[in-house]
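> With the sequence shown counted from 1, adding 48 to any position gets you this note's numbering. For every residue, glycine included, the Cβ atom is placed at its ideal position computed from N, Cα and C. These numbers come from a predicted model, not from an experiment.
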Amino acid sequence: MRIDFEHILNKIHQKVTAIDDKGTVASYIPELAKINKHHFGIHLRTLDGNEYGVGDFDKPFSIQSISKVLALAQAASFVSNDILKRVDVEPSGHPFNQLALLEIENGIPRNPLINSGAIVIADILISNLKNPKEDFLNFVRDLADDDSINFNLDVANSEKITGFKNYAAANLLKSFNNLENSVDEVLDFYFHQCSIEMSCKQLTKAFYLFANKGHCLLNKARLNESIIKRINAIMLTCGFYDEAGEFAFEVGLPGKSGVGGGIVALLPDKFVITTWSPGLNKKGNSQLGMTALEQFTSKTKLSIF
Ligand code: GLN
Numbered sequence: 049m050r051i052d053f054e055h056i057l058n059k060i061h062q063k064v065t066a067i068d069d070k071g072t073v074a075s076y077i078p079e080l081a082k083i084n085k086h087h088f089g090i091h092l093r094t095l096d097g098n099e100y101g102v103g104d105f106d107k108p109f110s111i112q113s114i115s116k117v118l119a120l121a122q123a124a125s126f127v128s129n130d131i132l133k134r135v136d137v138e139p140s141g142h143p144f145n146q147l148a149l150l151e152i153e154n155g156i157p158r159n160p161l162i163n164s165g166a167i168v169i170a171d172i173l174i175s176n177l178k179n180p181k182e183d184f185l186n187f188v189r190d191l192a193d194d195d196s197i198n199f200n201l202d203v204a205n206s207e208k209i210t211g212f213k214n215y216a217a218a219n220l221l222k223s224f225n226n227l228e229n230s231v232d233e234v235l236d237f238y239f240h241q242c243s244i245e246m247s248c249k250q251l252t253k254a255f256y257l258f259a260n261k262g263h264c265l266l267n268k269a270r271l272n273e274s275i276i277k278r279i280n281a282i283m284l285t286c287g288f289y290d291e292a293g294e295f296a297f298e299v300g301l302p303g304k305s306g307v308g309g310g311i312v313a314l315l316p317d318k319f320v321i322t323t324w325s326p327g328l329n330k331k332g333n334s335q336l337g338m339t340a341l342e343q344f345t346s347k348t349k350l351s352i353f
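1) Are the Cβ atoms of V188 and I282 separated by less than 8 Å?
2) How is A119 classed by DSSP in three states: helix, strand or coil?
3) Thinking C-alpha only, which one of T323, L251, L271 and C286 is nearest S115?
4) Which residues have their C-beta within less than 6 Å of a heavy atom of ligand 1, listed in chain order?
5) Candidates R93, S206 and L221: which alpha carbon is nearest E151's?
6) For A259 versus L314, is the C-beta distance shorter than 8 Å?
7) Out of I169, L177, V135 and S140, which has the shortest C-alpha to C-alpha gap to D290?
8) May I ask you to list the residues that DSSP assigns as paired with V320?
9) Measuring only from the beta carbon, is T322 closer than 7 Å to any heavy atom that is part of ligand 3?
10) Tell me E99's beta-bridge partners as DSSP assigns them.
11) Would you tell me roughly how many angstroms separate the C-alpha atoms of I172 and M49, rounded to the nearest one?
12) Name the two residues that bound the continuous alpha helix (DSSP H) containing G303.
13) Quick one: what does DSSP say M49 is sitting in, helix, strand or coil?
This is the structure in structure tokens:
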């Protein structure tokens, strides 16, 4: 039976935007606190060649931790299995910026999607790229086939000024010899990576290869199929921090959230979907984005389970 995606997305948009409790916009990065929490957008791209957008699907926002998946993908293409010597692939069951486990586990982060793990991935990229920030940005632009994508320097700077916990994480990693480069250099890269702005539509396109066995939508950029399989597994088990179980339970897709309010999720061989609603729940994931995705997989009956 053909699914009427347009109708379903319109219905979800109508229902979800009517919800009063939109969560709380992240304020620990002061620049993000300025965002209006009434924004809401969804963009869906199916692998059979159709795309649908509702609401603010074309408006760029801060992708924040969604960038960790793209950084991991680029790092994996250089060092592959060696990454596992420096970062594990187990869910942490703790918030994204928690440090206790890192100390107990001798500076090996639980996974590459919590902050400490992403900081190790940033270190790997700096060691392997000629012009790290520029080369990473170009990698993202290539995946999305869109040269208009850029860093937001105000957001990067805002996070640098208030990023005490990330400095603590990087110093801890350094003390365990799990950073090759200086703390300042690694965090400068990390804050820039998180500050990239993209719309739901651009994110859907950039993540297309995760649903398409490593092949991009339009251009020749591609990643090894087994890397894609593994990164999808990491998104499913670790993409939502201490809410990864809840996301698998309610939505049933690999995905990744960011404190800018974006969520990208995908069903291999079928579709990629991105939602944006800046208000976060207590675990730091977009409150209405989670609700919208739960409704999407319930209404379409399309999930990995
Ligand atoms: N840049 C943010 C931080 O390091 C990313 C966190 C997130 O999106 N969960 O705190």
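Working from what's here:
1) no
2) helix
3) L251
4) Q112, S113, F144, N145, N163, E207, N214, C242, G306, V307 and G332
5) L221
6) yes
7) S140
8) R93 and L314
9) In terms of ligand content, the structure shown lacks ligand 3 and carries ligand 1 instead.
10) R93
11) 46 Å
12) Segment G303 to S305 is the beta strand (DSSP E) holding G303; no alpha helix (DSSP H) there.
13) coil
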